[in-house]
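**Q** There's a structure below that I have some questions on.
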């Protein structure tokens, strides 16, 4: 097996709580990885399609979407679009994706639909990383994403109530590991929307690090107006304003992620 094939890594970006920077993390981490030469596929698994819009892929450009893959068995290659960012590709979402759970009903292997669709990617060196952006809920789409993934990357907003949601998410990951995907692991927890002027941000960050230790990334994503503005222009923040604090944080996160993945491969060798 070639090095390119061996190092394909599928990461699900998940948190059932909305507004934690999940899609922002998927878009900007993917862009940062692409900027350093990694080939990245972002899979938009949220019916809202925010990752698609945030990468400049408007609804009229989405001739086929993840819905066609999961319901009709369309090849993932037929859905993937190039983005304006070199080395960054997108499998878009549309509103129809919200009906997947109802349409699949009790279909056999319904939790494996995405995993089965992505299996061919492991047989060729098309991508180095696949990032799956999940909806803000623990539904069938999220379960499919976790079942398809090697690991889960958890964006966690630096606020008190985020800790309660984290416990629920960790239980779901354990359930998916036990029933559907035994090798699934937590790749890391990314602290987002950190406000250095707010004492509670520091307290939440401290608590999370005490509970999860080395699973928590050193890089912290700050609250940043430029990062918030970027999606309305259909651009990742790193393209919209490379020098802003948020963009620099995502570049640092990409470097840290690559370092973790390199260490993991060496440990597994």
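Numbering (my numbering), first residue to last: 19 to 287. Each residue gets a CB set at the ideal place from its N, CA and C atoms; glycine is no exception.
(1) For the alpha helix (DSSP H) containing residue 97, name the first residue and the last one.
(2) Using the rule of at least 16 other Cβ atoms within 10 Å of the residue's Cβ for burial, across every protein chain shown, is residue 160 buried or exposed?
(3) Three or more beta-carbon pairs under 8 Å between the segment 64 to 71 and the segment 272 to 286, yes or no?
(4) Taking the straight line between their C-alpha atoms, what separation do you get for residue 205 and residue 285?
(5) Hey, out of 60, 129, 127, whose CA is closest to residue 97's CA?
(6) Pairs of beta-carbons, one from the segment 39 to 54 and one from the segment 80 to 90, closer than 8 Å: are there three or more?
(7) Considering only their Cβ atoms, is the gap separating residue 128 from residue 165 smaller than 8 Å?
(8) I need the straight-line Cα distance from residue 145 to residue 255, nearest angstrom please.
(9) With 16 as the cutoff for other CB atoms within 10 Å, does residue 179 come out buried or exposed?
(10) Mapping the DSSP letters down to three states, classify residue 66 as helix, strand or coil.
(11) Between which two residues does the alpha helix (DSSP H) harbouring residue 160 extend?
(12) Excluding the 5 residues preceding and the 5 following residue 42 in the sequence, name in chain order all residues of the same chain whose CB lies nearer than 7 Å to its CB.
(13) Give me, in chain order, the residues of the same chain whose beta-carbon lies closer than 6 Å to that of residue 191; leave out the 5 immediate sequence neighbours on both sides.
(14) Take residue 226 and list the residues in its own chain whose beta-carbon comes closer than 6 Å to its own, dropping the five residues that flank it on each side.
(15) So residue 203 is in the beta strand (DSSP E); what residue range does that whole segment cover?
(16) Taking the C-alpha atoms as reference points, what is the distance between residue 38 and residue 95?
(17) Would you tell me roughly how many angstroms separate the C-alpha atoms of residue 30 and residue 217, rounded to the nearest one?
(18) Tell me the residue span of the alpha helix (DSSP H) that contains residue 193.
(19) Contact between the segment 248 to 267 and the segment 71 to 82: three or more CB pairs below 8 Å?
(20) If we count the other Cβ atoms within 10 Å of its Cβ and call it buried at 16 or more, is residue 261 buried or exposed?
(21) Pick helix, strand or coil for residue 286, following the three-state DSSP scheme.
(22) Output the distance between the C-alpha atoms of residue 116 and residue 62, rounded to the nearest integer angstrom.
(23) Let me confirm a value: residue 156 is counted as buried when at least 16 other C-beta atoms fall within 10 Å, else exposed. Which label applies?
(24) On the CB-based measure, 16 or more other CB atoms within 10 Å of its CB, does residue 189 come out buried or exposed?
(25) Let me check understanding here. Comparing Cα to Cα, which of 123, 126, 52 lies closest to residue 105?
(26) Taking the straight line between their C-alpha atoms, what separation do you get for residue 90 and residue 118?
(27) Can you tell me whether residue 273 is helix, strand or coil according to DSSP?
(28) Leaving aside the five residues before and after residue 58 along the sequence, list all residues of the same chain whose C-beta is less than 6 Å from its C-beta, in chain order.
**A** So, from the data block:
(1) Against the chain shown, residue 97 aligns to sequence position 79. In the DSSP assignment, residue 97 falls within the alpha helix (DSSP H) that extends over 94 to 97.
(2) As a position in the chain shown, residue 160 is number 142, starting the count at 1. Residue 160 comes out buried.
(3) Touching, no.
(4) Here the question's residue 205 lines up with position 187 in the chain shown. Here the question's residue 285 lines up with position 267 in the chain shown. Each residue's Cα considered, the two are about 15 Å apart.
(5) Locating residue 97 in the chain shown gives position 79, where the first residue counts as 1. Taking only the C-alpha atoms, the option nearest residue 97 is 60.
(6) Too few Cβ pairs lie closer than 8 Å, so no.
(7) For the purposes of this step, residue 165 is identified with residue 147 of the chain shown, where counting begins at 1. For the purposes of this step, residue 128 is identified with residue 110 of the chain shown, where counting begins at 1. For residue 165 and residue 128, no; Cβs fall outside 8 Å.
(8) The residue you call residue 145 lines up with position 127 of the chain shown. The residue you call residue 255 lines up with position 237 of the chain shown. Those two C-alpha atoms are separated by around 22 Å.
(9) Residue numbering aside, residue 179 sits at position 161 when the chain shown is read from its first letter. By the C-beta density criterion, residue 179 is exposed, having fewer than 16 other C-beta atoms within 10 angstroms.
(10) Position 48 of the chain shown, counted from the first residue, corresponds to residue 66. Residue state, collapsed to three classes: coil.
(11) Within the chain shown, the letter at position 142 stands for residue 160. Element bounds for residue 160: 158 to 166.
(12) In the chain shown, counting from the first residue as 1, residue 42 sits at position 24. Around residue 42: 245.
(13) Within the chain shown, the letter at position 173 stands for residue 191. Excluding positions up to five away in sequence, the list reads 170.
(14) In the chain shown, counting from the first residue as 1, residue 226 sits at position 208. Only 234 meet the Cβ criterion.
(15) As a first step, residue 203 is located in the chain shown; it is residue number 185 there, counting from the start. Judged by DSSP secondary structure, residue 203 falls within the beta strand (DSSP E) whose first and last residues are 203 to 212.
(16) The count along the chain shown starts at 1 and reaches residue 38 at position 20. The count along the chain shown starts at 1 and reaches residue 95 at position 77. Roughly 30 Å separates the two Cα atoms.
(17) Residue mapping note: residue 30 aligns to position 12 of the chain shown, counting from 1. Residue mapping note: residue 217 aligns to position 199 of the chain shown, counting from 1. Within the model, the alpha-carbon separation for residue 30 versus residue 217 is close to 30 Å.
(18) Sequence index remark: in the chain shown, residue 193 carries index 175 (1-based). Run containing residue 193: 178 to 197, per the alpha helix (DSSP H) assignment.
(19) Taking 8 Å as the limit for Cβ pairs, the verdict is that the segment 71 to 82 does touch the segment 248 to 267.
(20) For the purposes of this step, residue 261 is identified with residue 243 of the chain shown, where counting begins at 1. Exposed, since its Cβ has fewer than 16 Cβ neighbours within 10 Å.
(21) Here residue 286 refers to the residue found at position 268 of the chain shown. Residue state, collapsed to three classes: helix.
(22) Working through the chain shown from its first residue, we reach residue 116 at position 98. Working through the chain shown from its first residue, we reach residue 62 at position 44. Answer to the nearest angstrom: the Cα atoms are 12 Å apart.
(23) If you number the chain shown from 1, residue 156 lands on position 138. Buried, because 16 or more other Cβ atoms sit within 10 Å of the Cβ of residue 156.
(24) Mapped onto the chain shown, residue 189 falls at position 171. By the beta-carbon neighbour count (other beta carbons within 10 angstroms, threshold 16), residue 189 is exposed.
(25) Locating residue 105 in the chain shown gives position 87, counting from the first residue. If you compare the alpha carbons of 123, 126, 52 with that of residue 105, the shortest gap goes to 52.
(26) As a first step, residue 90 must be located in the chain shown, where it is residue number 72. As a first step, residue 118 must be located in the chain shown, where it is residue number 100. A straight line joining the alpha-carbon of residue 90 with that of residue 118 spans about 11 Å.
(27) For this step, residue 273 is matched to residue 255 along the chain shown. Residue state, collapsed to three classes: helix.
(28) Position 40 of the chain shown holds residue 58. Apart from the 5 residues on each side of it in sequence, residue 58 sits with its Cβ closer than 6 Å to the Cβ of 48, 51, 52, 106, 147 in its chain, given in chain order.
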